[in-house]
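Protein sequences appear in the order of chains A and B. Those letters in the first sequence? Residues 10 to 210, per the numbering used here, in order. Those letters in the second sequence? Residues 10 to 210, per the numbering used here, in order.
2 protein chains.
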Amino acid sequence: MEKRDKGSSPMAMMMGSRDENEDVENTTRTAETMLRLVPMALCVSALVVMLKNTQTNDYGSLSYSDLGAFRYLVHVNGICAGYSLLSAVIVAMPRASTMPRAWTFFLLDQVLTYAILAAGTVSTEVLYLASKGDTAITWSEACVSFGGFCHKALISIAITFVVVICYAALSLLSSYKLFSKYDSPVLTYPGKGIEIATFQG
Amino acid sequence: MEKRDKGSSPMAMMMGSRDENEDVENTTRTAETMLRLVPMALCVSALVVMLKNTQTNDYGSLSYSDLGAFRYLVHVNGICAGYSLLSAVIVAMPRASTMPRAWTFFLLDQVLTYAILAAGTVSTEVLYLASKGDTAITWSEACVSFGGFCHKALISIAITFVVVICYAALSLLSSYKLFSKYDSPVLTYPGKGIEIATFQG
Chain A
10 MEKRDKGSSP MAMMMGSRDE NEDVENTTRT AETMLRLVPM ALCVSALVVM
60 LKNTQTNDYG SLSYSDLGAF RYLVHVNGIC AGYSLLSAVI VAMPRASTMP
110 RAWTFFLLDQ VLTYAILAAG TVSTEVLYLA SKGDTAITWS EACVSFGGFC
160 HKALISIAIT FVVVICYAAL SLLSSYKLFS KYDSPVLTYP GKGIEIATFQ
210 G
Chain B
10 MEKRDKGSSP MAMMMGSRDE NEDVENTTRT AETMLRLVPM ALCVSALVVM
60 LKNTQTNDYG SLSYSDLGAF RYLVHVNGIC AGYSLLSAVI VAMPRASTMP
110 RAWTFFLLDQ VLTYAILAAG TVSTEVLYLA SKGDTAITWS EACVSFGGFC
160 HKALISIAIT FVVVICYAAL SLLSSYKLFS KYDSPVLTYP GKGIEIATFQ
210 G
């Protein structure tokens with residue numbers, strides 16, 4: 010209904026609210042650019058904290074690179090920072106959103122969200138095992154000897170989860186921007202047909 | 010453009026393609042119901058395989074419940090099976106898709122996708138650690154002594170990842186169904202204004 014009303018008076022829409030629409034467009038574009046720059050900054054900080062995470066004491070030496078999950082976290086944060094910067098630059102440019110562009114953003118945002126979520130959860134599990142250990146499987150509580158290492162890892166993981174929230178919002182936004190270009194899948198349903206007939210008659 | 014053309018001739022649409030639209034609607038509803046029943050079946054199998062996963066030998070006894078990640082996998086698979094069944098029943102009913110319903114499906118599908126992905130990745134990490142061990146952190150390779158346990162866990166995790174793929178598709182579908190109800194966020198952009206003016210004049 011709403012769509013048809015808007016479509017039936019494009020002249021009125023043009024005359025009255027052309028500037029207003031441009032303002033709204035600029036505001037949303039700025040907001041989206043910000044929403045992409047924030048995770049970039051967070052990814053870089055999570056990456057730096059984890060990269061510098063090495064502890065050496067009487068028990069030996071422990072580095073982030075000794076654990077596959079933390080290596081994966083560093084890699085994904087690096088990729089995520091790069092993608093966030095690139096996508097922020099593209100979004101910031103005042104250009105019409107085309108269909109292939111909307112699809113690319115949608116798919117990449119989804120993939121990045123899944124990848125960063127996986128990195129966060131996997132690292133959390135490793136940190137959990139390192140702090141609690143597992144007696145059944147005879148895994149020791151590494152955090153007792155390497156407290157500083159675990160603390161820094163926790164900071165890095167916490168930052169990563171903030172990135173996850175940002176990316177969940179971004180993938181919601183990009184799916185809205187993509188699918189709002191399409192028609193609703195349901196064209197007829199009970200009651201609608203009568204409504205249209207009344208509207209016409 | 011396409012939306013306006015459709016909107017301008019609802020009578021023609023009603024007369025010619027009412028039955029056709031209903032057929033399309035029924036087909037998509039059946040397809041979505043199937044897409045929700047498949048992960049239900051898979052969740053139940055992943056859950057059963059993991060629940061029965063216990064091995065006792067000379068080294069001791071190892072059960073899925075000894076590992077937090079595998080317990081989480083069982084819980085999420087249970088919730089996922091229940092939600093899949095419930096949502097399949099709701100989708101199967103021939104009723105108009107309202108806005109609150111579309112939002113509920115969208116949000117729950119997203120949350121379930123993230124939860125099941127987290128369960129899959131976390132369990133994969135634990136299985137990886139159990140099979141490879143970690144010398145730096147002095148974690149033993151438990152799969153050497155508990156081969157059968159690890160094999161069953163691998164099957165359960167593999168099934169869980171098929172569920173992840175189903176749910177990624179479902180969240181794509183539900184975001185399409187939700188956001189296609191909304192107007193495109195960009196109302197005016199370079200060139201569009203002129204196009205509308207020509208259309209009107």
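Cβ coordinates follow ideal geometry from the N, Cα and C atoms, glycine included.
Using C-beta distances below 6 Å, list every residue in its chain close to residue i, excluding the 5 sequence neighbours before and after it, in chain order.
i	result
Ser184 of chain B	Phe115
Gly156 of chain A	none
Leu135 of chain B	In the sequence as presented, Leu is not what sits at residue 135 of chain B; that position holds Val. Excluding positions up to five away in sequence, the list reads Leu76, Ala78.
Lys190 of chain A	none
Glu55 of chain A	First, the residue type needs correcting, since residue 55 of chain A is Ala and not Glu in the sequence shown. Excluding positions up to five away in sequence, the list reads Asn86, Ser165, Ile168, Thr169.
Thr42 of chain B	Ala97, Val100, Ala101
In terms of residues, what are the limits of the beta strand (DSSP E) holding residue i?
i	result
Asn86 of chain B	No beta strand (DSSP E) holds Asn86 of chain B; the alpha helix (DSSP H) holding it covers 77-101.
Ser72 of chain B	69-72
Asn66 of chain B	63-66
Counting only the same chain and skipping the five closest in sequence on each side, list residues whose C-beta sits under 7 Å from that of residue i.
i	result
Cys89 of chain B	Pro48, Cys52, Leu121, Ile125, Val172
Phe170 of chain B	Gly129
Ser106 of chain A	Lys186
Phe158 of chain B	Asn62, Gln64, Leu71
Ala177 of chain B	Thr122
Lys161 of chain A	Val58, Asn62
Leu163 of chain A	Leu136
Trp148 of chain A	Leu138, Gly142
Between which two residues does the alpha helix (DSSP H) holding residue i run?
i	result
Thr122 of chain B	108-141
Thr147 of chain B	Thr147 of chain B -> no alpha helix (DSSP H), and no H or E assigned at all.
Ser183 of chain B	156-188
Note down, in chain order, each residue of its chain lying with its Cβ closer than 8 Å to the Cβ of residue i, except the 5 sequence neighbours on either side.
i	result
Val131 of chain B	Ala78, Tyr81, Leu82
Cys175 of chain B	Leu44, Val47, Pro48, Leu51
Glu150 of chain B	Ala139, Ser140, Lys141, Gly142
Trp74 of chain B	Checking the sequence shown, residue 74 of chain B turns out to be Ser, not Trp. Excluding sequence neighbours, Ser74 of chain B sits near Arg80.
Arg38 of chain B	Val100, Ala101, Pro103
Let me confirm a value: residue i is counted as buried when at least 16 other C-beta atoms fall within 10 Å, else exposed. Which label applies?
i	result
Ile168 of chain B	buried
Tyr123 of chain A	buried
Asp28 of chain A	exposed
Met59 of chain A	buried
Ala3 of chain B	An answer regarding residue 3 of chain B cannot be provided, because it is not within the stretch 10 to 210 covered by chain B.
Leu71 of chain A	buried
Trp112 of chain B	exposed
Asn86 of chain B	buried
Asp192 of chain B	exposed
Tyr92 of chain B	buried
Thr144 of chain B	exposed
Val98 of chain B	exposed
Thr133 of chain B	buried
Lys186 of chain B	buried
Thr207 of chain A	Because the pLDDT at Thr207 of chain A is just 34, under 50, the model does not fix this residue reliably, and the value given afterwards should be weighed accordingly. So Thr207 of chain A counts as exposed.
Tyr68 of chain A	exposed
Leu182 of chain B	buried
Asp118 of chain B	buried
Leu179 of chain A	buried
Met20 of chain B	Low confidence applies to Met20 of chain B: its pLDDT is 43, below 50, so where it sits in the model is not reliable, and the reading given next is rough at best. Exposed, since its Cβ has fewer than 16 Cβ neighbours within 10 Å.
Val153 of chain B	exposed
Could you please tell me which residues of the segment 77-100 of chain B, in chain order, have their CB closer than 7 Å to any CB of chain A?
Gly77, Ala78
Listed from N- to C-terminal order along the chain, which residues in the segment 112-137 of chain B have their beta-carbon within a distance smaller than 7 Å of any beta-carbon of chain A?
Tyr123, Leu126, Ala127, Thr130, Val131, Glu134, Val135, Tyr137
Contacting positions in the segment 138-162 of chain B - beta carbon closer than 7 Å to chain A:
Ala139, Asp143, Ala145, Ile146, Thr147, Trp148, Ser149, Ala151
In chain order, what residues of the segment 33-56 of chain B put their CB closer than 9 Å to some CB of chain A?
Val33, Glu34, Thr37
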